[in-house]
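Residue numbers (our numbering): 3 to 269.
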Amino acid sequence: MIPGFLRRWCRALGLSQTRCAHCLRPFSPLETASGASPATGPGGAAAPLCPECCLLFLPYNGPRCPRCGLPPVEIGTGKQTADVSSRPAPLSRCGQCLQEDPPWDGLACYGLYEGALRDALLRLKFGGELSLAPLLGACLLEASRCLPRPDALLAVPQHPAHLRRRGFNQAHELAKALHRLTGLPLRPELLHRVKPAPPQAGLAAAQRRRNVRRAFQAAPDAASLCLWLIDDVMTTGSTLAESCRALRAAGARETRVLFVARTPRRD
């Protein structure tokens with residue numbers, strides 16, 4: 003509970019309201035309707051959420067494949083579960099990862115690609131709302147707590163032609179936000195995209211793999227480093243996998259992938 007005199011002083015100084023990073027509506031960070039101090043969500047002071055939006059950005063803590071993050075299929079429905087309870091993830095791998103183990107050394111993900119999290123990621127990527135990067139970067143920070151500390155961060159890069167058209171790389175914006183939160187070195191020069199590819203949205207997994215084959219080249223300076231590779235969304239994992247292969251070929255000791263959201267289904 004915030005003392006009344008402190009609330010009055012903050013109001014007098016114009017500090018009693020801020021704007022929600024997600025819905026953009028003004029709200030008081032000092033108290034909720036019941037008078038209790040609200041949580042600010044994963045973004046904290048850098049990207050505060052109103053009490054209503056805090057409930058929309060809960061992490062997914064239900065069961066998932068430990069190698070690709072895919073939630074299990076509900077028996078008899080064919081649908082992925084969307085449980086946000088505190089049940090631990092199962093130790094068994096999904097069928098796809100049993101057939102072909104991904105080339106990364108570890109994985110962390112904040113939530114599922116749905117609801118408010120999906121909306122925020124789309125607004126960042128296609129709407130250019132870079133103000134959402136601190137909030138989503140804080141989601142990455144929360145997810146990363148299960149990973150050992152790396153030597154450096156880097157994002158999945160875009161081809162220079164694509165970067166010129168869009169003007170920014172949303173994965174790099176997330177990596178910058180995480181860098182500011184952790185102080186970990188940001189090393190974008192370690193990985194380059196050398197082959198352009200058509201948009202991946204809507205493509206089957208096999209086509210996605212063909213599109214990104216030999217699309218990345220890692221710098222020799224990646225040798226012996228433990229890295230966190232950052233992306234916004236994982237669908238089939240083709241782009242992250244090819245990036246990890248390039249880093250491994252350059253001698254990276256370990257590469258762990260860290261992304262905000264996992265699509266509930268494989269293409």
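Don't be surprised by glycine CBs; every beta carbon is placed ideally from N, CA and C.
Does DSSP put residue 221 in a helix, a strand or coil?
Position 219 of the sequence shown, counted from the start, is the residue given in the question as residue 221. Note: residue 221 maps to coil in three-state DSSP.
Report all residues from its chain with a CB closer than 6 Å to the CB of residue 19; omit the five preceding and five following residues, and keep chain order.
Start at 1 with the first residue of the sequence shown, and residue 19 comes out as number 17. Excluding sequence neighbours, residue 19 sits near 28 and 30.
Contacting residues, own chain, Cβ-Cβ under 8 Å from residue 178 (five flanking each side not counted):
By one-based count along the sequence shown, residue 178 stands at place 176. Result list for residue 178: 135, 139 and 188, in chain order.
Rounding to the nearest angstrom, what Cα-Cα distance links residue 260 and residue 149 in this structure?
As a working mapping, residue 260 is identified with position 258 in the sequence shown. As a working mapping, residue 149 is identified with position 147 in the sequence shown. For residue 260 and residue 149, the distance between alpha carbons rounds to 9 Å.
Range covered by the beta strand (DSSP E) that runs through residue 121:
Mapped onto the sequence shown, residue 121 falls at position 119. Counting along the chain, residue 121 falls outside any beta strand (DSSP E), though it belongs to the alpha helix (DSSP H) covering 117–127.
Looking at the strands, I want to know which residues DSSP matches up with residue 230.
Within the sequence shown, residue 230 is the residue found at index 228, counting from 1. DSSP output for residue 230 lists 155 and 258 as bridge partner(s).
Does the Cβ-Cβ distance between residue 249 and residue 224 come in under 9 Å?
For the purposes of this step, residue 249 is identified with residue 247 of the sequence shown, where counting begins at 1. For the purposes of this step, residue 224 is identified with residue 222 of the sequence shown, where counting begins at 1. Cβ distance < 9 Å, so residue 249 and residue 224 count as in contact.
Within 10 angstroms of its Cβ, does residue 36 collect 16 or more other Cβ (buried), or is it exposed?
Stepping through the sequence shown from its first residue, residue 36 is reached at position 34. Caution is warranted here: a pLDDT of 39 is assigned to residue 36, below 50, making its placement in the model unreliable, and no coordinate value can be reported.
Taking 7 Å as the limit between beta carbons, can you name the residues of its chain near residue 245, skipping five residues before and five after?
Reading the sequence shown from its first residue, position 243 is the one you call residue 245. Closer than 7 Å at Cβ, skipping near neighbours: 158, 193, 218 and 231.
Close beta carbons around residue 173, own chain, < 6 Å, minus the five adjacent residues each side
Position 171 of the sequence shown, counted from the first residue, corresponds to residue 173. Around residue 173: 157, 158, 232, 233 and 234.
I need the DSSP call for residue 271, collapsed to helix, strand or coil.
Nothing about residue 271 can be read from this structure; the chain reaches only from 3 to 269.
Three-state class that DSSP yields for residue 241 in the structure shown
Taking the sequence shown and counting its residues from 1, one reaches residue 241 at position 239. In the structure shown, residue 241 sits in a helix (DSSP, three-state: H, G or I).
Taking the continuous beta strand (DSSP E) assigned at residue 194, which residues delimit it?
For the purposes of this step, residue 194 is taken as residue 192 along the sequence shown, with counting starting at 1. It spans 193–195 - the beta strand (DSSP E) in which residue 194 sits, taken as one unbroken run.
Give the DSSP-derived three-state secondary structure of residue 139 in the structure shown.
Start at 1 with the first residue of the sequence shown, and residue 139 comes out as number 137. Three-state DSSP puts residue 139 in a helix.
Roughly how many whole angstroms lie between the Cα atoms of residue 160 and residue 195?
Position 158 of the sequence shown, counting from 1, holds the residue named residue 160. Position 193 of the sequence shown, counting from 1, holds the residue named residue 195. Roughly 6 Å between the two C-alpha positions.
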